[in-house]
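In what follows, a single structure is set out as structure tokens and then discussed.
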């Protein structure tokens, strides 16, 4: 990126109005500030604003809009889809506060707060948020795309339980957004993604839950190649209190990977039972016959340790994904998927299945923009490398794997889509009438597309 006088003027204008750091490409800390967990397609902004408070966010948006620049936002950087080239990147990692109201069973969560901090704060009062499987993910961006978490089938989408958002819109105005105040924006932000403004904080509902029965069973796929279909059959029998997912991959033979799993083709079935913990083992028991179990971490644990259910890695790396929401899983397709994503690939391929339904299928009051609530399963095929350029065969594998299930697809999930999506692909996340309403709301609040989001909602003015 060529450093120009105009760039210098933008940096100076930002520095004069915000209290947090403002970094240009020439300054120490710029690369660290613009980099998150995703190493493919990193942002390359003219300036990075390390927002110290909501006023910094408002000032950064106002400066960018005045100069005709685009704005992108990054909390943890897990889901970077469209990289910003030029413009202003707002890093919200310093906005990491949580305030719990135990009487109202709510929490106020600032823009860059990871789920781990929310879980810990709520646990002090015997409460739990609708957090995701990875504690390091930012709670706000996760929720804006819906949020399918550990308690999803029992409680629904995280977005369904948002009661207030504070938002800076593209005109630089700070807005309080609730069911009664800015109702269109309230509807759109709860499931429609981050295209409508920069959220500086949100109020979410909490639920009384101190302990759960959860963890993982790790199956040997070579010894049970039908494990994906066995999991599917088991999910058809479980009550709503049970939320589960299956992750299939070939683990490297390196230190840091548990010894029984090194170099093995593994299917990890992660479960979270939200009912009485002592009843959890009986619900999981039928699954044990599905194949050889290499390792088990199931047990009763406090919700404060719920990140152990999936125990997902949190090291930065490069990854892309293809997601589909499905009305069912076919045995022939899952068998072929197991073969396609097994050993021998020059890159890591991870198959992620989530069991949906239950409370996820019920519409909340007030309504939210979350799409395709009738889906029964989510399928995500992730390809990963250490960073840099993507392997040429990775996209072909993702597309080929998705093609196996095209007949069962009802749409896609934005929350499990990692990497750039075309306009037509974003549309697939919503029913046509929902997408039209989202476009009208985008046109009302950001007609010039100042805010660059991972998933573009084109403004309809």
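Residue numbers (the numbering used here): 20 to 480.
Note that beta-carbon positions come from the ideal geometry of N, C-alpha and C, so glycine has one too.
Buried versus exposed, by CB contacts within 10 Å (16 or more), residue i
i	result
residue 41	buried
residue 260	buried
residue 351	exposed
residue 38	exposed
residue 305	exposed
residue 89	buried
residue 51	exposed
residue 480	exposed
residue 471	buried
residue 31	exposed
residue 478	buried
residue 122	exposed
residue 148	buried
residue 118	exposed
residue 455	exposed
residue 358	exposed
residue 411	exposed
residue 453	buried
residue 180	buried
residue 214	buried
residue 22	Below a pLDDT of 50, predicted positions are generally treated as unreliable, and residue 22, at 48, falls in that range; the measurement from the model is reported next regardless. Its Cβ having fewer than 16 others within 10 Å, residue 22 is exposed.
residue 48	exposed
residue 160	buried
residue 228	buried
residue 282	exposed
residue 273	exposed
residue 45	exposed
The alpha helix (DSSP H) enclosing residue i, as first and last residue numbers
i	result
residue 357	350 to 359
residue 235	Per DSSP, residue 235 belongs to no alpha helix (DSSP H); it is in the beta strand (DSSP E), 230 to 239.
residue 246	246 to 254
residue 85	73 to 85
residue 418	411 to 422
residue 339	Taken as a continuous stretch (DSSP letters only), residue 339 belongs to no alpha helix (DSSP H), being part of the beta strand (DSSP E) at 337 to 345.
residue 138	134 to 142
residue 481	Limits of the chain in this structure are 20 at one end and 480 at the other, which puts residue 481 out of reach.
residue 442	442 to 446
residue 163	158 to 163
residue 276	Per DSSP, residue 276 belongs to no alpha helix (DSSP H) and is neither H nor E.
residue 49	49 to 53
Candidates the options: closest to residue i by CA position
i	options	result
residue 365	400, 398, 413 and 274	413
residue 72	217, 29 and 138	217
residue 66	201, 311, 85 and 29	29
residue 393	400, 401, 84 and 381	381
residue 63	370, 53, 69 and 57	53
residue 132	235, 453, 318 and 221	221
residue 363	32, 416, 232 and 319	416
residue 318	118, 309, 331 and 293	293
residue 35	78, 44 and 47	78
residue 298	478, 211, 258 and 43	258
residue 225	295, 177, 433 and 454	177
residue 196	223, 171 and 173	223
residue 254	107, 451 and 303	303
residue 326	232, 124 and 55	232
residue 335	120, 95, 374 and 114	95
residue 241	310, 234 and 395	310
residue 276	300, 331, 432 and 353	331
residue 354	103, 249, 466 and 107	249
residue 107	349, 474, 26 and 337	26
residue 315	291, 163, 234 and 378	234
Residue i: first and last residue of the uninterrupted beta strand (DSSP E) it sits in
i	result
residue 399	396 to 404
residue 460	Premise fails: residue 460 lies in the alpha helix (DSSP H), 451 to 464, not in any beta strand (DSSP E).
residue 120	117 to 120
residue 321	318 to 321
residue 430	428 to 430
residue 126	125 to 129
residue 196	193 to 196
residue 313	312 to 315
For residue i, the residue or residues it bridges with in DSSP
i	result
residue 263	290
residue 104	63
residue 110	69 and 93
residue 371	266 and 399
residue 227	146
residue 42	67
residue 220	129 and 185
residue 470	90
Examine the Cβ distances between the segment 151 to 158 and the segment 238 to 255 and report whether three or more of them are shorter than 8 Å. no
Three or more C-beta pairs under 8 Å: does that hold for the segment 283 to 290 against the segment 418 to 438? no
Whether or not the segment 261 to 279 and the segment 368 to 381 are in contact is what I'm after, with contact meaning three or more pairs of Cβ atoms, one per stretch, closer than 8 Å; do they touch? yes
Quick check: the segment 208 to 217 against the segment 377 to 391, are there 3 or more CB pairs under 8 Å? yes
Sufficient close CB pairs (3 or more, under 8 Å) joining the segment 354 to 363 to the segment 136 to 148: Cβ pair count under 8 Å is below three, so no.
With contact counted as at least three CB pairs below 8 Å, one residue from each stretch, are the segment 437 to 444 and the segment 179 to 186 in contact? Cβ pair count under 8 Å is below three, so no.
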